[in-house]
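Chemist: In my numbering, the protein residues as written are 185 to 569. Glycine residues also receive a C-beta, built at the ideal position from the N, C-alpha and C atoms. Sharing a structure below in C-alpha cells format, with a few things to ask.
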C-alpha cells in the first residue's frame with residue numbers, strides 16, 4: 185500500500201457529561217504561522233491544563249459502564265470484547281524493543297510492524313485489565329509502555345522512502361500508546377491502580393515528547409498534503425496534550441485539526457482521496473476526525489463533532505454512499521470499514537447512513553494495517569443497539 189503523500193453517541197451520552205503546510209515559523213502551539221487559519225474556535229480550547237483523566241477515547245465513566253455490562257453478561261458488549269481478547273491472544277508480549285524503527289512508504293518493515301502492533305497490544309491489554317482487574321494484564325501493558333519509553337530513540341525511513349513518512353507513522357501509533365497509558369496511569373479497578381511508577385511515567389513522557397517534537401510537529405510544519413496526514417497529526421497532538429497535561433500542546437493539535445475539517449471534507453461531504461486514490465485513505469481522515477472529536481467531548485468540549493454544520497457526519501454519510509456504489513468515481517462495495525465508524529455512529533445516532541456504514545463491520549477490532557486503535561465496538565457500541 186502506498187502511503188506517501190503522493191499516493192495513500194449516545195453510548196457515552198449522559199455519563200460522559202460528567203466526565204499544507206509550507207515550512208515556516210511555529211508559534212507557541214506548534215502551528216505554522218504560514219497557514220491560513222480557517223476557524224480556531226478559540227472559545228472551546230482547554231485552559232489552565234484542566235484535563236479529564238482517563239481522557240483519550242475512554243473516560244472513567246465509560247470504562248466503568250462497559251466493564252459492568254461485560255461482567256454482567258451483556259451479549260453485545262461481550263461480542264465487542266471478544267476482539268480485544270483475540271488480539272491479545274494472537275500477539276505475544278515482546279521482550280525486546282528496537283532503538284531505531286525503520287518505516288516504509290509502501291508496505292512495512294519488521295520494526296515498523298512491531299511498534300504499531302505493540303501500541304495496539306498495550307491498549308488491548310489496558311482494556312483487558314480495566315475489565316477484569318487481573319494484574320497480569322496491567323503488568324504486561326506497563327512492560328510494553330516502559331520498553332518503548334526506555335529503548336526507543338528514532339524513526340528512520342527505509343530505503344526508497346521519503347523521510348517525511350516518519351512523521352506520519354509517529355502520528356499513527358503515538359495516540360494509541362497514549363490511550364493505553366491514560367488507562368494504566370489513571371483508571372482504578374475496585375480501588376486498585378495498575379501500579380505504574382512515577383519514574384516510569386516520567387520516562388514515557390520523554391518518549392512522547394520525542395515523538396511530538398521530532399515527528400508530529402514536523403508534519404504540522406513541513407507537510408502540505410491536505411489529506412489524512414494533517415488529520416493524523418492533529419489527533420495525535422491532542423492525545424499527547426492530554427497525557428502531558430499541557431493545554432498548549434492540546435490546543436495546538438485542536439486548532440490544527442479544526443482548520444483541516446473543511447479542507448478535507450467538502451460541504452457536500454466528499455472526502456479527499458476517495459475519488460483520487462482508494463476507499464481506505466479517506467477513512468483514515470474520518471477515523472482521525474472522529475477520535476479527535478471524542479477526545480474533545482470527553483474533555484467537556486463538544487465543538488468538533490458538530491463543527492462546520494456537522495461536516496464530519498457528512499463525510500461518514502458520503503462513505504456510506506460510496507459503499508453502496510452511489511458515488512460515481514469509485515465504489516467501495518465489499519471493502520473494510522474502519523473503526524471510526526463506530527465512534528461516529530454513537531454520536532450521530534440519528535443518521536441512518538452512518539448506522540448503515542457502522543453495521544457493515546460489526547464488531548470492530550484492530551485495523552489490518554494497524555494505523556488506528558480498534559476495539560471500538562467494545563468501548564463505544566451504543567446502549568440497546
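(1) With distances taken from CA atoms, which of 474, 288 and 507 is nearest residue 495?
(2) Secondary structure at residue 286, three-state DSSP: helix, strand or coil?
(3) What three-state label does DSSP hand residue 242 in the structure shown?
(4) Please classify residue 460: does DSSP put it in a helix, a strand, or coil?
(5) Using a Cβ-Cβ cut-off of 8 Å (strictly less than) and excluding sequence neighbours within five positions of residue 504, which residues of its own chain qualify?
(6) Below 8 Å, how does it come out for the segment 456-467 and the segment 514-533: are there three or more Cβ pairs, yes or no?
(7) Using the three-state DSSP reduction, which class does residue 428 fall into: helix, strand or coil?
(8) Going by C-alpha to C-alpha distance, which of 343, 350 and 369 sits closest to residue 337?
(9) Around the C-beta of residue 234, are 16 or more other C-beta atoms found within 10 angstroms, so that it is buried, or is it exposed?
(10) Pairs of beta-carbons, one from the segment 278-287 and one from the segment 318-326, closer than 8 Å: are there three or more?
(11) To which residues of the same chain is residue 329 closer than 8 Å at the C-beta, ignoring the five residues directly before and after it?
(12) Could you compute how far the alpha carbon of residue 265 sits from the alpha carbon of residue 284?
(13) State the DSSP-derived secondary structure class of residue 126, mapped to helix, strand or coil.
(14) Drop a sphere of 10 angstroms on the beta-carbon of residue 276, count the other beta-carbons inside from all chains shown, and report buried for 16 or more, exposed for fewer.
(15) Do you know whose CA, among 442, 528 and 468, lies nearest residue 488's CA?
(16) Who are the Cβ neighbours of residue 260 in its own chain at under 7 Å, not counting the five residues just before and after it?
(17) Just to confirm the assignment: which complete beta strand (DSSP E) runs, minimum length 3, are found wholly within the segment 327-367?
(18) Per DSSP, residue 656 forms a beta bridge with which residues?
(19) Does DSSP classify residue 210 as helix, strand or coil?
(20) What are the start and end residues of each continuous alpha helix (DSSP H) run of 4 or more residues lying completely inside the segment 462-539, in chain order?
(21) Unbroken alpha helix (DSSP H) runs of length 4 or more, entirely within the segment 250-310: which are they?
(22) Within the same chain, show all residues whose beta-carbon is closer than 8 Å to that of residue 232, passing over the 5 residues directly before and after it, in chain order.
(23) Measure the CB-CB distance between residue 476 and residue 438 and report whether it falls below 9 Å.
(24) In angstroms, rounded to a whole number, what distance separates the CA positions of residue 447 and residue 341?
(25) Within a Cβ cutoff of 6 Å, which residues of the same chain sit near residue 253, ignoring the five residues on either side of it in sequence?
(26) Kindly indicate the opening and closing residues of the alpha helix (DSSP H) around residue 562.
(27) By DSSP, does residue 376 sit in helix, in strand, or in coil?
(28) Is it the case that the Cβ atoms of residue 396 and residue 356 are separated by a distance below 9 Å?
(29) Between residue 429 and the rest of its own chain, which residues show a CB-CB distance below 6 Å, the 5 nearest in sequence each way excluded?
(30) Kindly give me the distance between the Cβ atoms of residue 267 and residue 556, rounded to whole angstroms, as I take these residues to be in contact under 8 Å.
(31) Could you name the residues of the same chain whose beta carbon sits closer than 6 Å to that of residue 263, not counting the 5 residues immediately before and after it, in chain order?
(32) Once the 5 residues before and after residue 286 are set aside, which same chain residues still bring their CB inside 6 Å of it?
(33) Report yes if the C-beta distance between residue 470 and residue 378 is below 9 Å; otherwise report no.
(34) Spatial neighbours of residue 545 within its chain, please: C-beta separation below 6 Å, excluding the five flanking residues on both sides.
(35) Identify whether residue 455 lies in helix, strand or coil by the three-state DSSP scheme.
(36) Is it buried or exposed, residue 524, if we count other Cβ atoms within 10 angstroms and call 16 or more buried?
Modeler: In short:
(1) 474
(2) strand
(3) strand
(4) coil
(5) 537, 538, 540 and 541
(6) yes
(7) coil
(8) 350
(9) exposed
(10) no
(11) 306, 361, 364, 365, 368, 380, 384 and 388
(12) 33 Å
(13) As displayed, the chain neither begins before 185 nor continues past 569, which places residue 126 out of reach and without an answer.
(14) exposed
(15) 442
(16) 565
(17) 338-341
(18) No information on residue 656 is available, as it lies outside the stretch 185 to 569 that the chain covers here.
(19) Residue placement at residue 210 is poorly supported in this model, since its pLDDT is 34, which falls under 50; the coordinates still yield a value, given next. In the structure shown, residue 210 sits in a strand (DSSP, three-state: E or B).
(20) 465-482, 491-507 and 524-531
(21) 259-274
(22) 431
(23) yes
(24) 28 Å
(25) 261
(26) 560-564
(27) strand
(28) no
(29) 233 and 235
(30) Contact doesn't hold; Cβ gap of about 14 Å is too wide.
(31) 547
(32) 293, 295, 340 and 342
(33) no
(34) 521
(35) strand
(36) buried
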